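Chains as they are written, first to last, in the working numbering: chain B, 948 to 1131; chain V, 948 to 1131. Reviewing the structure listed below.
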DNA sequence: AAATTTTGAGACATGAAAGTCTCAAATGCG
DNA sequence: CGCATTTGAGACTTTCATGTCTCAAAATTT
């Protein structure tokens, strides 16, 4: 459930994923609280950003769990992952853009762990013959994340309907832009 | 050719695309000049950022020109575009992340114009039967840009070899991650 | 309804980066 | 070689977001 802190963090993401330099004023207003209260909940800007990152990682990690990406065939696992991750795409977009967090050991470790799970999925998919081997698993993993972030931005700014987002992401990433006469 | 200003701007991109909040000190050092000289060339931070954006758009526009995206079949045009745009991927990554520039009329207009050209390419490709029609031209265009930015980041941080970048971008975007028995 | 707690608005202090200036060193030019 | 221009290092001022504080209003509890 969305605790009090989490709802503030989600409001913060809405602002920060678009403008990482936004003032605390603005974030507080978006969260519907005063700057004073924001300060009471989070000691300062740095702490706030850190917690947004931590929330993003928790959600991403939870998405990997609910999608059970280690099970079944790789393509189906990836499709499940898309469905699970799309609701938190904005959070992922923030994570993707916030390279500053990477010198925080705790965050860094958690990120590394989740990233490894995704890379492993692609590697497994390549070994199963599901994914192309001409593209490195690392690049597949990174590109996937880029597109998740892109979906997050596009939805947030109204350029893409939320209902289409999972389909658009999965189809483009898996199938590419080229039309084909046959289904694979 | 890279005039004096442009070389400073390119150094600035190297820093700013990774950390948009970097101090001017750092940017000056990266450009090999002093903070005083940086101030002499660009009146201030805002002006610098603006010019970086303008350079990015000029380069992107030039890439669309050299790729002659309006000519020939759409797939080939897109492949040419990939080759033309990859050298400036870092600049594009900056553009993608810098939504602040969008309230500058001049920049905004220029961006809108180039974006329209790319969208037109995808639309044309869909009409020719080259690109899938289940995905909107707007999303194809946006996703393409997301991946260009991703390539820029990955190369800049050494996660992807520059020589592989054009291939990785074109293949993933056009063909997707799924392996296929036949070539389309 | 009274008491306790939480919140918001604003004033104020702090600190850090941006912007400005000066002057000596370096560079380029005639 | 001497003159002119440009550059760099640093001190300084300014600006603005952050962080801190206070107090009254609102909400919650009992």
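A virtual CB, placed ideally from N, CA and C, is assigned to each residue, including glycine. Quick caveat, the model's predicted, so the values are computed rather than measured.
Rounded to whole angstroms, the Cβ separation of residue 959 (chain V) and residue 974 (chain V) is 5 Å, and the two are in contact under 8 Å.
CA-CA distance, residue 1125 (chain B) to residue 953 (chain B), rounds to 41 Å. When Cβ pairs closer than 8 Å are counted between the two stretches, the region 1018-1026 of chain B is seen not to touch the region 1065-1084 of chain V, the count staying below three.
Close partners of residue 1058 (chain V) in chain B (Cβ separation under 9 Å) are lacking, with about 14 Å as the shortest Cβ gap. The shortest C-alpha to C-alpha distance from residue 1112 (chain B) to any of B:1017, B:1033, B:977 is the one to B:1033. When 9 Å is used as the limit between beta carbons, residue 967 (chain B) is near these residues of chain V: 967, 968, 1044, in chain order. Residue 951 (chain V) and residue 1006 (chain B) have their C-alpha atoms roughly 46 Å apart.
Segment contact: the region 1115-1124 of chain B against the region 1087-1107 of chain B, three or more CB-CB distances shorter than 8 Å; contact assigned. Taking the Cα of residue 1011 (chain V) as reference, the smallest distance to any Cα among V:1087, V:1035, V:1127, V:1085 is reached at V:1035. Cβ contact annotation for residue 1038 (chain B) (same chain, cutoff 6 Å, sequence separation greater than five): 960, 1003, 1006, in chain order.
The three-state secondary structure of residue 1125 (chain V), taken from DSSP, is strand.
Per the C-alpha coordinates, the member of V:1092, V:1128, V:1108, V:1103 positioned closest to residue 1120 (chain V) is V:1092.
Neighbours of residue 1115 (chain V) in chain B, taken as residues at a C-beta separation under 7 Å, are given in chain order as 1082, 1086. Using a CB distance below 9 Å, the part of the region 1059-1078 of chain V facing chain B consists of 1069, 1072, 1073, 1076, 1077, 1078, ordered along the chain.
With 16 or more other Cβ atoms inside 10 Å of its own Cβ, residue 1045 (chain B) counts as buried. Residue 1104 (chain V) is classed as exposed because its beta carbon has fewer than 16 other beta carbons within 10 Å across all chains shown.
With respect to the 8 Å criterion, residue 1123 (chain B) and residue 1122 (chain V) are classified as neighbours on the basis of their beta carbons. Interface with chain V (8 Å Cβ-Cβ cutoff): residue 1125 (chain B) is included. Excluding sequence positions up to five before and after residue 1042 (chain B), its CB lies within less than 6 Å of the CB of 1003, all in the same chain and listed in chain order. Pairing residue 956 (chain B) with residue 1008 (chain V), the inter-Cα distance amounts to about 38 Å. The alpha helix (DSSP H) runs lying completely inside the region 974-999 of chain B and spanning 4 residues or more are 982-988, given in chain order. Of the candidates B:1050, B:1086, B:999, B:1052, the residue whose Cα lies closest to the Cα of residue 1065 (chain B) is B:1086. Between residue 1062 (chain B) and residue 1083 (chain B), the C-beta gap is not smaller than 8 Å, which leaves the two residues out of contact. Residue environment analysis places residue 1074 (chain B) among the exposed positions, since fewer than 16 neighbouring C-beta atoms fall within 10 angstroms of its C-beta. Bridge partners of residue 1092 (chain B) according to DSSP: none are assigned.
At least 8 Å separates the CB of residue 1028 (chain V) from every CB of chain B. In this structure, the CA atom of residue 1000 (chain V) is about 15 Å from the CA atom of residue 1060 (chain V). Using a CB distance below 9 Å, the part of the region 1093-1111 of chain B facing chain V consists of 1093, 1094, 1096, 1097, 1098, 1100, 1101, 1104, 1106, 1107, 1111, ordered along the chain. When DSSP reads this structure, residue 1114 (chain V) sits in no beta bridge, so it has no partner. Using a Cβ-Cβ cut-off of 7 Å, residue 1118 (chain V) is close to 1081, 1082 of chain B, given in chain order.
Of the other Cβ atoms in all chains shown, fewer than 16 fall within 10 Å of the Cβ of residue 1108 (chain V); this residue is therefore exposed.
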